[in-house]
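Just so you know, we're using full-length UniProt numbering here: the sequence shown kicks off at 1 and counts up by one.
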Amino acid sequence: MLRAIQILGSSPSSSGCFSLPHKLKKPHSNFSLISRKPIEATVPNLSRAHSLAFQFRQGCFFRAFQMSYHHSESTLDGGSPSSSSSTSIAIQSAGSTRKINFCQWCGGPTKHEIPDGEEKARAICTHCGKITYENPKMVVGCLIEHENKILLCKRKIQPSYGLWTLPAGYMEIGESAAEGAIRETWEEANAEVEVQSPFAQLDIPLIGQTYIIFLAKLKRPHFSPGPESLECRLFALEDIPFDSLAFSSMLVTLKLYFEDKKVGRPKFHYGIINKRPGTSPSEIHAYTLDHHLKC
Ligand SMILES: [Zn+2]
């Protein structure tokens, strides 16, 4: 990973885009959310109102509404988007605590109880008493449009072997979301890109994942399959293989982009992908996109 970062270009971008190894010094957009409540308190309230508005700094409004692509089957975005992370996600339970049997601090056996002052069961070490907490994983990736086509990678790894995805994978400790997206694009498509703007944040609470997808452009018109890809190809919007995508998150991202492009330029989207547990990861079309906000 680090080697890949070093390989990438270091010249400053003249377009205001972001490319490694430069750090993000300020947000690319005016995404200073002005909310009267902490976000933790605000989000649940969305379930009671489909038309909440969040005010942004320059008079831009985030209008919330419910948007549904509900199909007959449910699915679970199980599995890791990229094998580059040693931590695979294989959750089968609906947003509940995964079974942690051993303490991350001393290796002792754990018990699962609700600690005083908390509301969720935690893995508590029976030897040292420390708690091993679980938190969602961040998945970062790039949506790259080149000559009016979108770059997709056909997965060479499980899950979803042989299906198409945007280049994306787990964010690593020590890197920003944009750096991670650039790195994953390099690893999966041998493509050097500049991040232009955030396009979507999609939460999947059921499996403890949050996707951040950036719009990016190729620094050079070269790409080829990385070790995790069978093939990398540019697809015209009308040719995107919506029935052969690897994950619901990719389906949502590409649909949002497709819809944006039909009416103008891409917006920024936030949404929660809700799916029922117990269905095959290959059933990507069954979900609801709830609390969809766009700006
Ligand atoms: Zn311990």
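Glycine included, C-beta positions come from ideal geometry on N, C-alpha and C.
Reference residue i, options the options, closest by Cα
i           : options                        : result
ALA292      : LYS255, ARG265, ILE284         : Correcting the residue type first, residue 292 is His in the shown sequence and not Ala. Per the Cα distances, LYS255.
residue 372 : LYS275, ILE273, GLU228         : The requested residue 372 does not occur in the structure, where the chain is confined to residues 1 to 295.
GLU230      : ASP290, THR279, GLN158         : Checking the sequence, you will find Leu at residue 230 rather than Glu. Of the listed residues, the one whose Cα sits closest to LEU230 is GLN158.
ARG276      : CYS295, ILE204, SER224, LYS219 : ILE204
CYS153      : SER248, ASN274, GLY271, ASN190 : ASN190
GLU238      : THR288, ILE173, LYS262         : LYS262
GLU179      : ILE213, LEU151, ASN148         : ILE213
ILE240      : PRO167, ILE150, MET171         : ILE150
GLN209      : GLU175, ASN135, PRO167, ILE173 : ASN135
TRP186      : ILE173, LEU166, GLY226, ILE144 : GLY226
ALA246      : SER280, GLY174, MET171, ASN148 : SER280
Other residues of its chain near residue i: CB distance less than 7 Å, five sequence neighbours each side excluded
i      : result
PRO266 : PHE199, LEU215, TYR257, ASP260
ALA121 : THR97, HIS112, GLU113, ILE114
SER244 : LEU163, TRP164
SER249 : ASP77, LEU202, ILE204, TYR211, ILE273
Terminal residues of the beta strand (DSSP E) in which residue i lies
i           : result
LYS275      : Careful: LYS275 lies outside any beta strand (DSSP E) and carries neither H nor E.
GLU113      : 110-113
residue 313 : The structure shown has nothing for residue 313, since the chain only spans 1 to 295.
Close Cβ partners of residue i (< 8 Å) along its chain, the five nearest in sequence each way excluded
i      : result
TYR161 : ARG155
HIS146 : LYS217, LEU218, PRO221, LEU234
THR110 : ILE100, ASN101, PHE102, CYS103, ALA123, ILE124, CYS125, THR126, THR132
VAL252 : TYR69, ALA200, LEU202, GLY271, ILE273, TYR287, LEU289
Boundaries (first-last residue) of the alpha helix (DSSP H) holding residue i
i      : result
LYS262 : 248-263
Residue i - partner residues in DSSP beta bridges
i           : result
SER229      : ARG155
ASP203      : THR210, ILE272
LYS99       : Looking at the DSSP assignment, LYS99 forms no beta bridge with any residue, so it has no partner.
ASP116      : In DSSP, ASP116 forms no bridge with anything.
LYS217      : GLU194
residue 306 : For residue 306 there is no data in the structure shown, the boundaries of the chain being 1 and 295.
Neighbourhood of residue i by C-beta, 6 Å cutoff - its chain only, sequence neighbours within 5 removed
i      : result
ASN274 : THR288, ASP290
- Message: What ranges does the alpha helix (DSSP H) occupy inside the segment 154-198, keeping only unbroken runs of at least 4 residues that lie completely in it?
- Response: 177-189
- In chain order, which beta strand (DSSP E) runs of at least 3 residues are fully inside the segment 119-155? 122-125, 137-146, 149-155
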